[in-house]
Amino acid sequence: MAHIVIMGAGLGGMPMAYEVKEQLRPQDKVTVISDSDSFQFTPSNPWVAVNWRTREDIAFPVKPYLERKGIDFIPVAVKRVHPERNQVELIDGRSIDYDYLVIATGPKLAFDEIEGLGPHGGHTQSVCHVDHALKAGAAWNDFVKDPGHIVVGAVQGASCFGPAYEFAMIMDADLRRRRIRDKVPMTFVTSEPYIGHLGLGGVGDSKGMMESVMRHRHIKWICNAKVTKVEAGKMFVTEHDEMGNPKKEHELPFKYSMMLPAFKGIDAVFGIEGLTNPRGFIMVDPYQRNQKYKNIYSVGVCVAIPPVEATPVPTGTPKTGYMIESMVTASAHNIRAELDGKAPDHKGTWNAICLADFGDTGAAFAALPQIPPRNVSWFKEGKWVHLAKIAFEKYFIRKMKKGTSEPLYEKYVLGVLGIKKLKDKA
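Start counting the sequence shown at 658; every next residue gets the next number (the numbering used here).
Okay, here's the thing in structure tokens:
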């Protein structure tokens, strides 16, 4: 019997649990360990932050659904991974042995790297977690009663720019519905070298299209921006030129701000030589397996991926849902191959496909592969994306409750986009 332990019960951990369970032999055991007893559909957090969704709409307790599939669940945070003895140490003092470990925790949110950033003692909101989004929603209720300037965006080192654009547009849409958009100047602050870079070097005409969207919605922007500190009602930003030299200092007043932080690896793995890079992300080979500890796999945002290109202000590379799904499938098949005495042979398809909601319209893009040069570079805008994102939310949550491991992105997203043959072109 083999024991497969999965750290994390989110967008990577839950599908991983279902898919590896289907791949394993009857006598093998799967255990999921998480610091939360709930699954949350993170892409819906921008809606929660303007009170278009509640926690109950996008989150649910995972234990009954996992146990229904014969998967054990431990709702206790991991204190430290001990790869040299194949154990994870929990914060309650227990140690769990494993034969294979899959790290799918997502990132640690590095709010502490900038003074005054974040919802925990800082002055900005976040949509990275449902708890943050609920706090942002409460602040939004106060804001719309007495509106003013908004500053929104992503700080230096951030790697997931899509939610920043989404939230800017969703706020714009909500303010227009309330007939108070004219009272709210909005500035988008980003470490990207240009609007629509997305940490991907741009996708298709994302630069031109996103600049047009921002102008149409009267959103100003500052690119190559490094946030130096945040005070109550004021953000200090240094704008850099294309060589990375300071160009202009900005003091931006705000009544409401949401800034995405940089990501890093969680404390339970940070600094383990051979397992993580200097930022604490898990290093993997093309088969999602760590090069030093061959029985450790990793999927999702916690995987180390180098930036697509050097930028004047540091930017990271996003990990989109399609990429995470392909990581999960590869890992599940490779673990089974190893149990059968075979060499891993499945590789993740590191493509980027995304549906970004803009409140009443949206944008969809596909970058195949994610790192250029690409076989496919596609970017489109339309109301259909908003509707597709709503349908996708319901579909994915239903899939997690049902406990299926069907290739959701390949089946649903590519079909919705009308580009089913993109996979063959990648």
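Backbone N, C-alpha and C fix where the C-beta goes; we use that ideal spot for every residue, glycine too.
In the DSSP secondary-structure assignment, L1012 is bridged to A1021. The alpha carbon of K726 has as its nearest neighbour, out of A1023, K686, Y755, the alpha carbon of K686. Contact check for P703 and V784: beta-carbon distance about 5 Å, within the 8 Å limit, so the pair qualifies. Proximity to E770 across Q744, D729, R936, F845 peaks at R936, based on C-alpha coordinates. L758 has V662, I953 as its beta-bridge partners, per DSSP. Here I748 is exposed: its Cβ has fewer than 16 other Cβ atoms, across all protein chains shown, within 10 Å.
For the options E896, S701, M867, the alpha carbon positioned closest to that of Q813 is the one of E896. Residues Y722 of the same chain have their beta carbon placed closer than 6 Å to that of K1058, with the five preceding and five following residues left out of the count. Using a Cβ distance threshold of 8 Å, S693 and G670 do not count as a contacting pair.
Sequence-distant Cβ neighbours of I929 in its own chain, meaning closer than 7 Å and more than five residues away, are V738, P740.
For the pair of segments examined, the stretch 811 to 825 was found to touch the stretch 703 to 712: the number of CB pairs separated by less than 8 Å reaches three. With respect to G763, G856 sits apart: the two C-beta atoms are not nearer than 8 Å.
Bridge pairing for H739: Q744 [DSSP]. Taking the C-beta atoms as reference points, V735 is found no nearer than 8 Å to M673. In this structure V841 is not in contact with V884, their Cβ atoms being roughly 21 Å apart against a cut-off of 8 Å. In the DSSP assignment, the residues bridged to K686 are H660. For secondary structure counted as the alpha helix (DSSP H) over 4 or more consecutive residues, the stretch 912 to 1000 holds these complete runs in sequence order: 978 to 996. Between P1026 and R946, the gap from beta carbon to beta carbon reaches 8 Å or more.
For the pair of segments examined, the stretch 964 to 981 was found to touch the stretch 856 to 868: the number of CB pairs separated by less than 8 Å reaches three. With fewer than 16 other beta carbons inside 10 angstroms of its own, H777 counts as exposed. Pairwise C-beta distances place the stretch 746 to 760 in contact with the stretch 955 to 969, as three or more of them are shorter than 8 Å.
Within a 10 Å sphere around the beta-carbon of K905 sit fewer than 16 other beta-carbons, which makes this residue exposed.
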